[in-house]
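Residue numbers (the numbering used here): 1 to 490. Positions of the beta carbon are idealized from the N, C-alpha and C atoms, including for glycine. To start, the structure under review is shown below, and the notes come after it.
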RNA sequence: CGGGAUGUAGCGUAGCCCGGUAUCGCGCCACAUUUGGGAUGUGGAGGCCGCAGGUUCGAAUCCUGCCAUCCCGACCA
């Protein structure tokens, strides 16, 4: 476990702040808990966006954009929804400032809004208010829309990347003619997320459903993917909600079916956020810095020249240029770092911190021998090889690294997932080891809450395709039909 | 919003108890020597000591208030 990546903000090390981002934007409470995403970190987000967006399009979705401000009255139309978000809303009450005559800029009380605006914490309400005008007939369905946006949730406590007051995300909002179709959509998008997490981020996830207690405000069912971080805590990495007809009823969105019957529309919503950057970091990094899976690394290959003279550098550059051209043909991003302001050793350490998957180093020795030094970030191994078929070799190595990072995380999760059969054992594992704990639960919210109060562990999910198995609840001793997954979580 | 801690250069810090305008390291700038794992030497720049009051001849230091940050809790993608 990296010293830079524990659960405590104070342990996020210097390199982490330098490279990825920092919540240091102002000495003012109004922006407390917001974050700055620096260029390198943002380019990781852009890669995530591109990969996700591609999958959204492949599954028939289109992007759209809805307003940042939501009238308070919209917001309060769905009872459980407003209840769930009421305590974390930023509210706009005025629209103008003025000079008070002494040079101070103050809020102009005359510019008070008749109705307050909520800065969106999520967009269900304003989108469903809009959908009312888009939907009349079954021919208008389904509506498969996604929005890339920022949202604000005024949490009492923030945590860099995992829970910031403002965050970037995507939120999909779909409308369907039947319950079944909406449930299928909910499950489809969960699988899109799971596939993205595992194949692009190299983070293994558990697909599951939330308990009633942990469900999204306004949803009938919440599906989620849960990942395990290196410190043994779980992280909810994405959610997909089956909203039933709740929002359609709240916003009066009806359609005429093929049979000529008027009915409310069925809905889903699903989202992932910049929290994924935190997940990526905490799942893979080590003491030398970030470890990025090649498919998300802003820079996949770096070449560091080691030279004593200008002439030597020119010779190295010539070899490098040829290699760069070959790599670019393969769509592999590469940088030739010939800065003369830093020494090779410094560069090696720097690119390790940044998590660049493959590093090449070439000096006079290699020029003579026709070789090059190749180092991989995931295992930190390096070897000197000939330059024959180098581009192909690198292409294969990047794939191998992608796989290896995933396998390593998967092995870690397997080693930190265990079944327990008593509450004593449960508490012991939780305190000594952490990780996912599979245990029988009687299915009541009361038991769930008691366990949370006593141990801080929550039910992360009821895994999909869960094995049905008779047992007794570790807490109440009542009969249970299946195990659920517990963990302490972020 | 409760409980605890902390604010000194870009970053990390010493000094505070026992008042005399600030220590060290990293980083930064210049020059030289270096360059296959975070170079070395010499010289240099950089600070309203979180903010506002108070006590005092004199405050980083003592007192009061405020602000901010971090940790724990409630809340949560």
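Within 10 angstroms of the beta-carbon of residue 185 lie 16 or more other beta-carbons, which makes it buried. With respect to residue 228, residue 483 sits apart: the two C-beta atoms are not nearer than 9 Å. By the Cβ rule, the stretch 91 to 111 does not count as touching the stretch 41 to 57, because fewer than three pairs are nearer than 8 Å. By the Cβ test, the stretch 237 to 248 is not in contact with the stretch 54 to 72, since fewer than three Cβ pairs between them sit closer than 8 Å. In terms of Cβ geometry, residue 423 and residue 475 form a close pair [threshold 9 Å]. Remark: C-beta atoms of residue 226 and residue 410 do not approach each other more closely than 9 Å. By the neighbour-count definition (other C-beta atoms within 10 Å, threshold 16), residue 402 is a buried residue. Using a 10 angstroms sphere on the CB of residue 316, the tally of other CB atoms reaches 16 or more, which defines it as buried. In the structure shown, residue 429 adopts helical secondary structure according to DSSP, grouped into three states. Here residue 131 is actually not in contact with residue 111; their C-beta atoms are around 32 Å apart, not less than 8 Å. Check the Cα spacing between residue 488 and each of 465, 479, 416, 478: the tightest is with 416. A straight line joining the alpha-carbon of residue 160 with that of residue 208 spans about 26 Å.
When rounded, the separation of the alpha-carbon atoms in residue 421 and residue 440 is 7 Å.
For residue 126, the closest of 77, 338, 89 by C-alpha to C-alpha distance is 77.
Residue pairing by DSSP places residue 375 opposite 359, 382 in a beta bridge. Here the alpha carbons of residue 60 and residue 453 stand approximately 43 Å from one another. Bridge pairing for residue 397: absent [DSSP]. For residue 150, the enclosing beta strand (DSSP E) begins and ends at 143 to 152.
Here residue 220 is not near residue 174, since their CB atoms are 9 Å or more apart. In the three-state reduction of the DSSP assignment, residue 470 falls in the strand class, which pools E and B.
Judged by beta-carbon spacing, residue 459 lies beyond the 9 Å limit of residue 261, meaning their Cβ atoms are not closer than that value. Of all C-beta pairs linking the stretch 294 to 305 to the stretch 358 to 372, three or more are shorter than 8 Å, placing the two stretches in contact. Exposure of residue 252 is indicated by the presence of fewer than 16 other C-beta atoms within 10 angstroms of its C-beta.
For residue 244, the closest C-alpha among the options 141, 223, 224, 266 is that of 266. Excluding five sequence positions before and after residue 163, the CB atoms of its chain that fall closer than 7 Å to its own CB belong to 155, given in chain order. Taking the Cα positions, residue 292 is about 12 Å away from residue 379. Taken through DSSP and simplified to helix, strand or coil, residue 481 comes out as strand. At the C-beta level, residue 119 and residue 90 come within 9 Å of one another. The criterion of a C-beta distance shorter than 9 Å is not satisfied by residue 146 and residue 167.
In its chain, beyond the 5 residues on either side, 441, 473, 475, 476 have a beta carbon closer than 7 Å to the beta carbon of residue 447. In this structure, DSSP gives residue 205 a state outside helix and strand, which the three-state scheme calls coil.
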